[in-house]
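Trainee: Got a structure for you, written out below as structure tokens; questions coming shortly.
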Amino acid sequence: MSPRILAATTGRILRQLRHDRRTLALLAVVPSALLTLVYFMYVDQPTPPGQTSTFDRVALIMLGFFPFVIMFLVTSIAMLRERTTGTLERLLTTPLGKLDLLFGYGLAFGAAAAVQAAIASAVAYWVFGLDTAGDGLLVLLIAALNAVLAVALGLFCSAFARTEFQAVQFMPVVVVPQLLLCGLFVPRGEMAGWLQAVSDVLPLSYAVEALQEVGANAEPTGTMWRDLAVVAGSALLALVLAAATLRRRSG
Amino acid sequence: MEDAIAVRDLVVDRGGRRVLHGLSAVVPRGAVTGLLGPSGSGKTTLMRAVVGVQVVTAGTVTVLGRPAGSPELRHRVGYLTQAPSVYADLTVRENARYFAALHGRGRADADRAVADVGLARAAGQLVGTLSGGQRSRASLACALVAEPELVVLDEPTVGQDPVLRADLWAQFHAMAARGTTLLVSSHVMDEAARCDRLLLIREGRLIADDSPAAVRAAAGVDDLDEAFLRLIRAHQADQEDPS
Chain D
1 MSPRILAATT GRILRQLRHD RRTLALLAVV PSALLTLVYF MYVDQPTPPG
51 QTSTFDRVAL IMLGFFPFVI MFLVTSIAML RERTTGTLER LLTTPLGKLD
101 LLFGYGLAFG AAAAVQAAIA SAVAYWVFGL DTAGDGLLVL LIAALNAVLA
151 VALGLFCSAF ARTEFQAVQF MPVVVVPQLL LCGLFVPRGE MAGWLQAVSD
201 VLPLSYAVEA LQEVGANAEP TGTMWRDLAV VAGSALLALV LAAATLRRRS
251 G
Chain C
1 MEDAIAVRDL VVDRGGRRVL HGLSAVVPRG AVTGLLGPSG SGKTTLMRAV
51 VGVQVVTAGT VTVLGRPAGS PELRHRVGYL TQAPSVYADL TVRENARYFA
101 ALHGRGRADA DRAVADVGLA RAAGQLVGTL SGGQRSRASL ACALVAEPEL
151 VVLDEPTVGQ DPVLRADLWA QFHAMAARGT TLLVSSHVMD EAARCDRLLL
201 IREGRLIADD SPAAVRAAAG VDDLDEAFLR LIRAHQADQE DPS
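Chains as they are written, first to last, in full-length UniProt numbering: chain D, 1 to 251; chain C, 1 to 243.
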């Protein structure tokens, strides 16, 4: 890996994004629009005394989930385009290292996701009065890390897709089970044992737990840091696996 | 001096089909070598093997004294794929600057490469909005931007108007005069005459490896198109009657 090539690659990906105004607008607006929906879904639901309101509970998890699903899709398609347009083959004949390319995507889309999460968090806290015991900046950190995880998973999964149709199908396969089992719909502790076991190996569960820790505790907890380490480790593992699927030579 | 490229007994299978059948050939340094042959004859596969992105079944490919695909060659070899492989959502200049940066080259090199392929006026345009010919020249600029010792160009002149084609060939010869080795594929026979050396392949086998003049002399005709036709027929007759 070379810092110069990594920087050039990250810059190139961000420049591509900058030329795509519609994608930028969608990245900026969609999570906040969806949060608005969530707000009005729960606005008339009574909150039992002493409990977190349903909006606070759901919106907090959504702040981590939106960058996850969006960046997974964006990355899968971006990497597939590199393969189908021949730019990947050409890049692999240059001094670019595989990790330069993969970390370049992680950095560029991670930065885009951080901006996206900042906008969504600002709307959640200041427009809809989201209330968390812990610091909102921790929510941002978790959301950004979650996006990097999604980028890594997207890079890995795109190796198994030959067409856009296939790439899009990986979204329900990879993302939806993680959403169902992350503890949003049914607390993880109340699930059947085997579902809990599945939930335990899905990285999104840890991101959601970390967000819940920030929601419930004024100071960062050890559980939260451990969860963040698991998410970061999963992202790194997915990047290494993605590098293993990138072959300079093909048939 | 040793050859820029030495291919020995190269066998390549793609999609369960044998594409190259034990092909051997050499490409001399500092010259323009044309790789001629009809569509599907194995030109692209041979070029992919030279730049080291093709899985080979048997045989060796030596490039600038090293096995093809060696990491140290990635600075020294430029590759133009047949379909333009540039980023459609970047401008011509941004594409050239990115590929320049991968080789540690600066903005001046990128701007020069863009000007050399006649795209100076379109430098600020998104590649996605260019015509097909312009797009393939943008791709060419990215292959030449680092001034590699060996340039492998897969059909660089397809879709270019005659004036531009002449310009590009003049540029290829100017590069060769400075010591660059060029391997250029084409399926247009009138481009064969512009090469210093010719490799003619058909159905994955080498049919001729000579200068255009020698090819004409061997076939006994002046027209290269006709010369190739005769060589192909002679080759087929040999195969049918090995005695």
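The C-beta atom is built at its ideal place from N, Cα and C for all residues, glycine as well.
Would you kindly work out how many angstroms separate the C-alpha atoms of C/R216 and C/Q171, rounded to a whole number?
Mentor: So the alpha carbons of these two residues sit roughly 25 Å apart.
Trainee: Smallest Cα separation from D/V230: which of D/P220, D/V240, D/P203?
Mentor: Nearest of D/P220, D/V240, D/P203 to D/V230, Cα basis: D/P203.
Trainee: Name the residues in the segment 45-78 of chain D whose C-beta lies less than 9 Å from a C-beta of chain C; which are they?
Mentor: Those residues of the segment 45-78 of chain D that come within reach of chain C (Cβ to Cβ, closer than 9 Å) do not exist; the list is empty.
Trainee: Please work out which residues of its chain come closer than 8 Å, Cβ to Cβ, to D/G97, disregarding the five sequence neighbours upstream and downstream, and give them in chain order.
Mentor: Closer than 8 Å at the Cβ level, and outside the excluded window around D/G97, lie M1, S2, I5.
Trainee: Ends of the beta strand (DSSP E) at C/R135?
Mentor: Segment 132-144 is the alpha helix (DSSP H) holding C/R135; no beta strand (DSSP E) there.
Trainee: Taking Cβ-Cβ distances shorter than 7 Å, what residues in chain C pair up with D/P95?
Mentor: Per Cβ cutoff of 7 Å: R74, H75, L102, H103.
Trainee: Mind listing the chain D neighbours of C/L90? Cutoff is C-beta to C-beta under 9 Å, in chain order.
Mentor: Residues of chain D passing the Cβ test: R12, R15, Q16, H19.
Trainee: Who are the neighbours of D/T85 on chain C, taking C-beta pairs under 9 Å?
Mentor: Neighbours of D/T85 on chain C, chain order: A83, P84, S85, V86, Y87, A88.
Trainee: Alpha carbon to alpha carbon, how far is C/V221 from D/L88? Give it in angstroms, no decimals.
Mentor: C-alpha separation (whole angstroms): 44 Å.
Trainee: Is it a yes or a no for the segment 138-152 of chain D touching the segment 114-122 of chain D, going by three-plus beta-carbon pairs under 8 Å?
Mentor: Touching, per the Cβ criterion.
Trainee: Taking one C-beta from the segment 51-71 of chain D and one from the segment 91-108 of chain D each time, how about it: are there three or more such pairs within less than 8 Å?
Mentor: As far as the Cβ criterion goes, the segment 51-71 of chain D does not touch the segment 91-108 of chain D, which means the pair count is below three.
Trainee: Roughly how many whole angstroms lie between the Cα atoms of C/L10 and C/C195?
Mentor: Looking at the two C-alpha atoms, the distance is approximately 23 Å.
Trainee: For D/S250, return the contacting residues in chain C, with the cut-off set at a CB-CB distance below 8 Å.
Mentor: Ordered by position in chain C, the residues that pass the 8 Å Cβ test against D/S250 are V53, Q54, V55.
Trainee: Could you work out which residues of chain C lie near D/A8, taking near to mean beta carbons separated by less than 8 Å?
Mentor: What D/A8 touches in chain C: Y98, A101, L102.
Trainee: When we look at the beta-carbon of C/D223 and count the other beta-carbons within 10 Å, is it buried (16 or more) or exposed?
Mentor: Result: exposed.
Trainee: Contact check, D/A242 vs D/A152 under 8 Å by CB: the rounded distance?
Mentor: Going by Cβ atoms, the distance from D/A242 to D/A152 rounds to 7 Å, so yes, they are a contact pair.
Trainee: Which one of C/Q54, C/V151, C/E203, C/L80 has the shortest CA to CA distance from D/G251?
Mentor: Closest by alpha carbon: C/Q54.
Trainee: For C/P84, count neighbouring C-beta atoms within 10 Å of its own C-beta (all shown protein chains included) and say buried if the count is 16 or more, exposed if not.
Mentor: Buried, by the Cβ-count rule.
Trainee: Quick check: what's the CA-CA separation for C/G65 versus C/A96?
Mentor: Cα to Cα, the separation comes out at about 28 Å.
Trainee: To the nearest angstrom, how far is it from the Cα of D/M171 to the Cα of D/S158?
Mentor: One C-alpha to the other measures close to 11 Å.
Trainee: Are the beta-carbon atoms belonging to D/L63 and D/S121 less than 9 Å from one another?
Mentor: Yes. Within cutoff.
Trainee: Name, in chain order, the residues that DSSP records as bridge partners for C/R197.
Mentor: DSSP, once it has assigned bridges, lists C/T33 as partnering C/R197.
Trainee: Out of C/R107, C/G106, C/I207, point me to the one whose CA is closest to C/D238's CA.
Mentor: Comparing Cα positions, the closest option is C/I207.
Trainee: List, in order along the chain, the chain D residues whose C-beta lies closer than 7 Å to that of C/E94?
Mentor: The answer, in chain order, is R15.
Trainee: Using the three-state DSSP reduction, which class does C/G59 fall into: helix, strand or coil?
Mentor: If DSSP states are grouped into helix, strand and coil, C/G59 belongs with the strands.
Trainee: Assign D/F156 to buried or exposed, taking buried as 16 or more other Cβ atoms, counted over all protein chains shown, within 10 Å of its Cβ.
Mentor: It is buried - the Cβ of D/F156 has at least 16 other Cβ atoms within 10 Å.
Trainee: Could you check whether the segment 109-122 of chain C touches the segment 139-156 of chain C, counting it as contact only if at least three pairs of C-beta atoms, one from each stretch, sit closer than 8 Å?
Mentor: Yes, since at least three Cβ pairs between the segment 109-122 of chain C and the segment 139-156 of chain C fall closer than 8 Å, the two stretches touch.
Trainee: Between which two residues does the alpha helix (DSSP H) holding D/S158 run?
Mentor: 136-158 is the span of the alpha helix (DSSP H), which, as asked, contains D/S158.
Trainee: Quick one: which unbroken beta strand (DSSP E) runs of 3-plus residues sit fully inside the segment 61-111 of chain C? Chain order, please.
Mentor: Complete beta strand (DSSP E) runs here, min 3: 77-80.
Trainee: So C/G124 packs on C/T81, CB below 8 Å; how close in whole Å?
Mentor: So it is not a contact: roughly 24 Å between Cβ atoms.
Trainee: Which stretch, first to last residue, makes up the alpha helix (DSSP H) that contains D/R57?
Mentor: Run containing D/R57: 54-84, per the alpha helix (DSSP H) assignment.
Trainee: Against chain C, does D/E209 count as a neighbour if the rule is that its beta carbon must be under 9 Å from one of theirs?
Mentor: With 9 Å as the cut-off, D/E209 does not count as an interface residue toward chain C.
Trainee: Please classify D/M41: is it buried, with 16 or more other beta-carbons within 10 angstroms of its beta-carbon, or exposed?
Mentor: Per the 10 Å Cβ criterion, exposed.
Trainee: 9 Å is my cut-off, CB to CB: does C/D13 come that close to chain D?
Mentor: At least one chain D Cβ lies under 9 Å of C/D13.
Trainee: In whole angstroms, give me the CA-to-CA distance for C/D225 and C/R178.
Mentor: Approximately 30 Å between the Cα atoms of the pair.
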